[in-house]
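Each remark here refers to the structure printed beneath this line.
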Amino acid sequence: MRGDDASAAAERPVFDATITPHRSLGQNGFRLVMTLVCLASIVSSIPFVVLGAWPVAGFFGLDVIALFIAFHVNFRHARAFERIVVTPLEVLLRKVSHHGNEAVWRSNPAWTKLERQNDEDYGLLRLSLVSRGKSVAVAAALSPHERESFADALGAALASARRGPDFGAV
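Start counting the sequence shown at 153; every next residue gets the next number (my numbering).
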């Protein structure tokens, strides 16, 4: 086996996952909701304007603006993500906040263990990578059930990385 092939096998990811917060409303749904809220606000404010109580229409507008701001903050928080890459030589965790701040955690897979905090009623509450006495939480954006299957896959990847690179894989 040539050195280039061995190097490539050692750097080939055994596991590569990106975790993003779940958002049930996409951009098209947001547009639809805001359009319907605006229409409802306009229709509801017409009687007040006709009766001469036009300041009430402004308060209807404030509700629409408050809802828009809440959605904007929600979509902004959806930009956060975690990326976990496991190779035979390294475990790399990259956390990016919704502000764009990045935190990177690196470890050798031989010395990295997966720590689980289970609750019999709620499932897997917390999942952490631990190495050399340092711990970092992962997959916090997932539900307990999703976190459990993620933990199984990550645990299998760590075990595979500890065995070393697969030189037979292309």
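Beta carbons are placed, not taken as given, at the ideal position from N, Cα and C, and that holds for glycine.
Identity of the residue in H251, M186, A230, E300 nearest I217 by Cα: Cα-wise, what sits closest to I217 is M186.
Contact belief for P296 with L277 at Cβ below 8 Å, rounded distance in angstroms: Indeed, because the Cβ distance is near 7 Å, the residues count as touching under 8 Å.
N- and C-terminal bounds of the alpha helix (DSSP H) containing N270: Run containing N270: none in the alpha helix (DSSP H); it sits in the beta strand (DSSP E), 265-271.
S176 (DSSP reduced to helix, strand or coil): If DSSP states are grouped into helix, strand and coil, S176 belongs with coil.
Three-state class that DSSP yields for V282 in the structure shown: Of the three classes helix, strand and coil, the one that applies to V282 here is strand, per DSSP.
Contact the segment 227-242 vs the segment 200-219: 3+ CB pairs below 8 Å: By the Cβ criterion, the segment 227-242 is not in contact with the segment 200-219, since fewer than three pairs of Cβ atoms, one from each stretch, lie closer than 8 Å.
Nearest-angstrom Cα separation, counted from E254 out to P240: Roughly 24 Å between the two C-alpha positions.
Collapsed DSSP secondary structure at T187 in the structure displayed: Reduced to three states, the DSSP call for T187 is helix.
E254: first and last residue of the uninterrupted beta strand (DSSP E) it sits in: From DSSP, the beta strand (DSSP E) with E254 extends over 254-259.
Buried or exposed by the 16-neighbour rule on C-beta atoms within 10 Å, applied to I236: Its Cβ being crowded by 16 or more others within 10 Å, I236 is buried.
Residue(s) in a DSSP beta bridge with E234: Bridge partners of E234: I171, K247.
For V290, the residue or residues it bridges with in DSSP: Answer by DSSP bridge pairing, in chain order: L279.
Alpha-carbon to alpha-carbon, G285 and A305: Spanning the two alpha carbons is a distance of roughly 23 Å.
Distance, A169 Cα to F200 Cα: One Cα belongs to F200, the other to A169, and the distance between them is close to 54 Å.
Cβ neighbours of V208 in the same chain (closer than 7 Å, five flanking residues each side left out): So the qualifying residues of the chain are S197, F200.
CA-to-CA distance, G204 to G252, given in whole angstroms: Those two C-alpha atoms are separated by around 48 Å.
Continuous alpha helix (DSSP H) stretch holding S301: start and end: Per DSSP, S301 belongs to the alpha helix (DSSP H) from 296-315.
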